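> First the structure, which I've put down as structure tokens, then a few questions once you've had a look.
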Amino acid sequence: MEYKNILVINLMHIGDLMLATPVLRTLRANYPDARISLLADKKLRDLVEHNKHIDECLLIDKKGKDDHFGSLWQFIAGLRKKKFDLVINLHRNERASAIAAFSGAKRIVGYSKPGFSLLFDEVMQNPSVAHHIGRGPFQLLPPYRYVPGWKHQVHAHLEVLKQAVGVEKIDDGGLEMWLPEAAEKEADALWAEHFASEDKVIAFNIGASWRTKRWQDSYFAQCADELIDRGYQIAFFGGPMDCRIVETCIAQMENRDSRALHIFTGKVSLSVLAGLLRRCCLFLTTDSGPMHVGVAMNVPVVTMFGASPVPGFYPYDARSVLIKAPVDCHPCGIHECPHQGEENLACMKQIKPAVVMKYVDELLDKYQGRPAYKLPRHYGEYQCRIVEA
Numbered sequence: 001m002e003y004k005n006i007l008v009i010n011l012m013h014i015g016d017l018m019l020a021t022p023v024l025r026t027l028r029a030n031y032p033d034a035r036i037s038l039l040a041d042k043k044l045r046d047l048v049e050h051n052k053h054i055d056e057c058l059l060i061d062k063k064g065k066d067d068h069f070g071s072l073w074q075f076i077a078g079l080r081k082k083k084f085d086l087v088i089n090l091h092r093n094e095r096a097s098a099i100a101a102f103s104g105a106k107r108i109v110g111y112s113k114p115g116f117s118l119l120f121d122e123v124m125q126n127p128s129v130a131h132h133i134g135r136g137p138f139q140l141l142p143p144y145r146y147v148p149g150w151k152h153q154v155h156a157h158l159e160v161l162k163q164a165v166g167v168e169k170i171d172d173g174g175l176e177m178w179l180p181e182a183a184e185k186e187a188d189a190l191w192a193e194h195f196a197s198e199d200k201v202i203a204f205n206i207g208a209s210w211r212t213k214r215w216q217d218s219y220f221a222q223c224a225d226e227l228i229d230r231g232y233q234i235a236f237f238g239g240p241m242d243c244r245i246v247e248t249c250i251a252q253m254e255n256r257d258s259r260a261l262h263i264f265t266g267k268v269s270l271s272v273l274a275g276l277l278r279r280c281c282l283f284l285t286t287d288s289g290p291m292h293v294g295v296a297m298n299v300p301v302v303t304m305f306g307a308s309p310v311p312g313f314y315p316y317d318a319r320s321v322l323i324k325a326p327v328d329c330h331p332c333g334i335h336e337c338p339h340q341g342e343e344n345l346a347c348m349k350q351i352k353p354a355v356v357m358k359y360v361d362e363l364l365d366k367y368q369g370r371p372a373y374k375l376p377r378h379y380g381e382y383q384c385r386i387v388e389a
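Structure, rendered in structure tokens:
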């Protein structure tokens, strides 16, 4: 079927939105003359507003003026006037499901909450996310059994296009992001202010939305110290919510007063963050939204996974390395570790700095410390290396 007016919906967080970008590229490849719109959270507009594969970026203020029932219906009424041929919902939450269900589109597909799914033409399961399956006689009663995702989020999204939309040509260019000119200029000015042309800069992101996704801050401190001692510059990133943990980490460093230490945490927008990351030679990070921004910026990544399911959300780039610990409870998908004493956060404690530095050194040696923007992109090579600590 030929579609002329397409809407893609993803109202979730930084990483979720970045993992939806291969869908936009594939839609453009299959429907070059269609009008393609993306609906996203207003606070994340920097990530997708300049995506070259869409004609329009629609924004909803989830935590502001659109955060009530009346405003949501007013927003949906506005969408209905656009008369979409096809709506593709890429996250199974209530708000996105409702917007898709009542969009008035000729065809509505993707993930959906029960109830709203009755108005979808085709509903698909998302095999990248965890499922909590009940143990009762009809699998509806608690306690629930945690089943982690088994397919990468990008592959799950592309499967929606193949099965529910009928797309035949998959054009997976990996994660993509384009920077506005103003952000590029700001990143360039910040870089010139903090670094010399010969500096080799390694990015650190130590925050994450769950405590169980965070590697030990003392371990990050050890890695930063070692790298500074060897002549590298260290740049700490993250959002305003990460400022305290970054301060705690730096307080444990021997080189806490070094001029090679640069703190951008909570100080730059997402697009400026991306502009800075593309100038770095390596990114040491937790499983987090900035990790996926780094992948889009072509930065080699070393990441540590604790509670996160590896198959669903590994860094989507073959040059990157993911390290996990062989503990029985991994992945748990729990925000706070229920274990006590030494067993608390064992999945992260068992990933020692020496192990992480081994793979940091491998990537620095392989790519000779060159900035990410000078490294070639390899179309179709997105399976990262997965190792056990």
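Just so we're aligned: the sequence shown equals residues 1 to 389 in the UniProt record's numbering.
For glycine and all other residues, C-beta sits at the position ideal for the given N, C-alpha and C.
Please read all numbers here as calculations on a predicted model, not as lab measurements.
What are the boundary residues of the beta strand (DSSP E) that V387 is part of?
Taking the first residue of the sequence shown as 1, we reach residue 387 at position 387. Note, V387: beta strand (DSSP E), R385 to E388.
> Counting C-beta neighbours from all protein chains within 10 Å, is the total for K213 16 or more, i.e. buried, or is it exposed?
As a working mapping, residue 213 is identified with position 213 in the sequence shown. Flag for K213 reads buried.
> Starting from the C-beta of R259, find all residues in its chain whose C-beta is less than 7 Å away, skip the five residues before and the five after it, and write them out in chain order.
Indexing the sequence shown from 1 puts residue 259 at position 259. Nothing listed; no residue qualifies.
> Measure how close the beta-carbons of I234 and L261 come, nearest whole angstrom, since I'm counting them as under 8 Å.
On the sequence shown, position 234 is the one that residue 234 refers to. On the sequence shown, position 261 is the one that residue 261 refers to. Yes, they are in contact, since the Cβ atoms of I234 and L261 sit about 5 Å apart, within 8 Å.
> Cutting at 8 Å between CB atoms, please list the residues of its own chain near Q163, excluding the five before and the five after it.
Within the sequence shown, residue 163 is the residue found at index 163, counting from 1. Around Q163: E122 and M124.
> Distance check for K349 and M253, CA to CA, integer angstroms please.
Here the question's residue 253 lines up with position 253 in the sequence shown. Here the question's residue 349 lines up with position 349 in the sequence shown. Roughly 18 Å separates the two Cα atoms.
> Under 8 Å, do V201 and R279 count as touching if we go by C-beta distance?
Position 201 of the sequence shown, counted from the start, is the residue given in the question as residue 201. Position 279 of the sequence shown, counted from the start, is the residue given in the question as residue 279. A contact, by the Cβ cut-off of 8 Å.
> Looking at R25 and I36, is the spacing between their C-beta atoms short of 8 Å?
Translated into positions along the sequence shown, residue 36 becomes position 36. Translated into positions along the sequence shown, residue 25 becomes position 25. Not closer than 8 Å, so no.
> Kindly indicate the opening and closing residues of the alpha helix (DSSP H) around S71.
Counting from 1 along the sequence shown, the entry for residue 71 is found at position 71. Note, S71: alpha helix (DSSP H), F69 to R80.
> Quick one: Cα of S269 to Cα of W178, how far?
For the purposes of this step, residue 269 is taken as residue 269 along the sequence shown, with counting starting at 1. For the purposes of this step, residue 178 is taken as residue 178 along the sequence shown, with counting starting at 1. Those two C-alpha atoms are separated by around 14 Å.
> Count the other C-beta atoms from every protein chain shown that fall within 10 angstroms of the C-beta of residue 391, then say buried if there are 16 or more, exposed otherwise.
Nothing can be reported for residue 391, as the shown portion of the chain is limited to 1 through 389.
> Which residue's Cα is closest to the Cα of I386: A354, A105, V301 and P180?
By one-based count along the sequence shown, residue 386 stands at place 386. Among A354, A105, V301 and P180, the Cα nearest to that of I386 belongs to V301.
> Let me know if Q153 comes out buried or exposed under the rule of 16 or more other beta-carbons within 10 Å of its beta-carbon.
Numbered from its first residue, the sequence shown carries residue 153 at position 153. Buried, since its Cβ has 16 or more Cβ neighbours within 10 Å.
> Going by Cα to Cα distance, which pick from L7, P22, A221 and E49 is closest to Y316?
For the purposes of this step, residue 316 is identified with residue 316 of the sequence shown, where counting begins at 1. The shortest Cα separation from Y316 among L7, P22, A221 and E49 belongs to P22.
> Please confirm whether K82 and S97 have their CB atoms less than 8 Å apart.
Here residue 82 is taken as the residue at index 82 of the sequence shown, counted from 1. Here residue 97 is taken as the residue at index 97 of the sequence shown, counted from 1. Against a cut-off of 8 Å, the Cβ pair of S97 and K82 comes out as no contact.
> What does the alpha-carbon distance come out to for the pair S218 and E343?
Within the sequence shown, numbered from 1, the residue matching residue 218 stands at position 218. Within the sequence shown, numbered from 1, the residue matching residue 343 stands at position 343. For S218 and E343, the distance between alpha carbons rounds to 17 Å.
> By how many angstroms is the C-alpha of L17 removed from the C-alpha of V295?
Residue 295 sits at position 295 when you count from the first residue of the sequence shown. Residue 17 sits at position 17 when you count from the first residue of the sequence shown. Going from the Cα of V295 to the Cα of L17 covers about 13 Å.
> Bridge partners for V147 per DSSP, in chain order?
Taking the first residue of the sequence shown as position 1, residue 147 is located at position 147. H131, per the DSSP bridge assignment.
> Mind listing, in chain order, the continuous alpha helix (DSSP H) runs of no fewer than 4 residues lying wholly within the segment 264 to 342?
270 to 277, 289 to 296 and 310 to 313, all fully within the segment 264 to 342.
> Buried or exposed: where does R95 fall if 16 or more other Cβ atoms within 10 Å of its Cβ makes it buried?
Start at 1 with the first residue of the sequence shown, and residue 95 comes out as number 95. R95 is buried by the Cβ-count criterion.
> What residue range is occupied by the uninterrupted alpha helix (DSSP H) comprising G104?
Against the sequence shown, residue 104 aligns to sequence position 104. Careful: G104 lies outside any alpha helix (DSSP H) and carries neither H nor E.
> Per DSSP, which residues does D41 bridge with? Please list them.
Sequence index remark: in the sequence shown, residue 41 carries index 41 (1-based). DSSP, once it has assigned bridges, lists I60 as partnering D41.
> In angstroms, rounded to a whole number, what distance separates the CA positions of D46 and S271?
The count along the sequence shown starts at 1 and reaches residue 46 at position 46. The count along the sequence shown starts at 1 and reaches residue 271 at position 271. Those two C-alpha atoms are separated by around 5 Å.
> Cβ atoms of L44 and I9: under 8 Å apart, would you say?
The count along the sequence shown starts at 1 and reaches residue 9 at position 9. The count along the sequence shown starts at 1 and reaches residue 44 at position 44. No.
> Examine the Cβ distances between the segment 348 to 364 and the segment 317 to 337 and report whether three or more of them are shorter than 8 Å.
Verdict: yes, contact present.
> So, are the CB atoms of G104 and R80 less than 8 Å apart?
Start at 1 with the first residue of the sequence shown, and residue 104 comes out as number 104. Start at 1 with the first residue of the sequence shown, and residue 80 comes out as number 80. Against a cut-off of 8 Å, the Cβ pair of R80 and G104 comes out as a contact.
> Where do the N-terminal and C-terminal ends of the alpha helix (DSSP H) with Q153 fall, by residue?
To locate residue 153, count along the sequence shown from 1; it is residue 153. That run of the alpha helix (DSSP H) goes Q153 to V160.
> Which residues does DSSP pair with Q350 in a beta bridge?
If you number the sequence shown from 1, residue 350 lands on position 350. Paired residue(s): none; Q350 is not in a bridge.
> Here's the rule I'm using: 16 or more other beta-carbon atoms within 10 Å means buried, otherwise exposed. How should D257 be labelled?
Here residue 257 refers to the residue found at position 257 of the sequence shown. Looking at its Cβ environment, which holds fewer than 16 other Cβ atoms inside 10 Å, D257 is exposed.
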